[in-house]
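*Asks:* One structure coming up, written as structure tokens, with questions to follow.
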Amino acid sequence: MNKTTAVYPGSFDPLTIGHEDIVRRSLRIVDRLIVAVAETATQSKSGLFSIDERVDLIREVFADEPRVEATSFSGLLVDFAQGREARVIIRGLRAVSDFEYEFQMALMNRSLWPEVEVLFMAPATRHTFLSSSLVREVGRLGGDVTDFVSPGVKTRMDRAFGRTAGE
Ligand code: COA
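Structure, rendered in structure tokens:
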């Protein structure tokens, strides 16, 4: 039987528990999942972690899950997906407001590579308000991000903001 490989692309700066939820849900459907950090994100934002640090954090969080691979890519998502023979792209849809942008990207990606399918996943309701930029801002301003990111991500955020863990 053919194994299904999917790509879950994003900025992941940083990976939040909302992203983790999408990864774990996707693994119920696909055999292998490549979590791919985009070096060129469509909406550029001021970042916290370097691309390599983001990939490392994703690897650390999914160290117990051999079906998940973390990597980065440059250039077009469809070129990366095609190169890895991944015909499915996973995206999370948190709210209706995500829809328009996601729908445009899905149709653009499919016109660039007609064989690709884009699968939209709904996150757990309790994660629908999460976004990486909000988590970054809360962390930067000294708020507690324990509920929003994995412990390893929190430790690295504390370090990046010049705090020691538990401070
Ligand atoms: N839980 C928590 N947050 C979530 C989430 C979830 N389940 N799903 C999305 N988000 C948040 C992200 O944290 C991010 O928040 P932020 O804006 O505060 O940082 C936001 O939703 C959307 O970001 P992300 O999913 O990382 O997408 P993006 O818009 O940064 O990047 C790419 C989208 C990488 C897929 C797109 O830019 C791309 O394909 N780039 C490659 C170049 C290319 O092919 N371009 C043509 C595209 S048609």
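Residue numbers for the sequence shown follow numbering that gives the first Met the number 0, so the first one is 0 and each next one is one higher. From the three backbone atoms N, C-alpha and C, an ideal C-beta is built for every residue, glycine too.
Can you find at least 3 beta carbon pairs, one from the region 17-29 and one from the region 61-75, that sit closer than 8 Å?
*Replies:* Yes: the two stretches touch, three or more of their Cβ pairs being nearer than 8 Å.
*Asks:* Please confirm whether any heavy atom of the ligand COA lies closer than 6 Å to the CB of alanine 62.
*Replies:* The sequence position of residue 62 within the sequence shown is 63, counting from 1. No; taking the cut-off as 6 Å, the Cβ of alanine 62 has no heavy atom of the ligand COA nearer than that.
*Asks:* In the DSSP assignment, find the unbroken alpha helix (DSSP H) run with leucine 75 in it and report its ends.
*Replies:* In the sequence shown, the residue the question calls residue 75 occupies position 76. Run containing leucine 75: none; DSSP gives neither H nor E here.
*Asks:* For arginine 155 versus threonine 127, is the C-beta spacing smaller than 7 Å?
*Replies:* As a working note, residue 155 is residue 156 in the sequence shown. As a working note, residue 127 is residue 128 in the sequence shown. Taking 7 Å as the Cβ cut-off, arginine 155 and threonine 127 do not qualify as a contacting pair.
*Asks:* Round the Cβ separation of arginine 83 and valine 6 to the nearest angstrom and send it over; I've been treating them as touching at under 8 Å.
*Replies:* Counting from 1 along the sequence shown, the entry for residue 83 is found at position 84. Counting from 1 along the sequence shown, the entry for residue 6 is found at position 7. Arginine 83 to valine 6, Cβ: 7 Å. Contact.
*Asks:* Who are the near neighbours of glycine 91 in its chain, counting only those whose CB is closer than 6 Å to its CB and skipping five residues on each side?
*Replies:* As a first step, residue 91 must be located in the sequence shown, where it is residue number 92. Cβ within range, chain order: Ile21, Met120 and Pro122.
*Asks:* Name the DSSP beta bridge partners of proline 4, please?
*Replies:* For the purposes of this step, residue 4 is identified with residue 5 of the sequence shown, where counting begins at 1. Checking the sequence shown, residue 4 turns out to be threonine, not proline. Its beta-bridge partners are Arg31.
*Asks:* What is the DSSP secondary structure of alanine 37, reduced to helix, strand or coil?
*Replies:* The residue given as residue 37 occupies position 38 in the sequence shown. In the structure shown, alanine 37 sits in a strand (DSSP, three-state: E or B).
*Asks:* Following a CB-centred definition, is isoleucine 50 positioned closer than 6 Å to any heavy atom of the ligand COA?
*Replies:* As a first step, residue 50 must be located in the sequence shown, where it is residue number 51. No, the beta carbon of isoleucine 50 sits no closer than 6 Å to any heavy atom of the ligand COA.
*Asks:* For serine 132, tell me which candidate among Gly9, Pro13 and Thr4 has the shortest Cα-Cα distance.
*Replies:* The residue labelled residue 132 in the question sits at position 133 within the sequence shown. Here the closest residue by C-alpha is Pro13.
*Asks:* Would you mind listing the beta strand (DSSP E) stretches within the region 54-142 that are 3+ residues and don't spill past its ends, in chain order?
*Replies:* Here the runs fully enclosed are 67-72, 87-91 and 116-120.
*Asks:* Taking buried to mean at least 16 other C-beta atoms within 10 Å of its own C-beta, is valine 60 buried or exposed?
*Replies:* Residue numbering aside, residue 60 sits at position 61 when the sequence shown is read from its first letter. So valine 60 ends up on the buried side.
*Asks:* So, is the C-beta of glycine 141 closer than 7 Å to a C-beta in chain C?
*Replies:* Reference to chain C is not applicable here, since this structure consists of a single protein chain.
*Asks:* In chain order, what residues of the same chain lie with their CB nearer than 7 Å to the CB of leucine 47, ignoring the 5 residues before and after it?
*Replies:* Residue 47 sits at position 48 when you count from the first residue of the sequence shown. Correct list, in chain order: Asp12, Pro13, Arg135 and Ala159.
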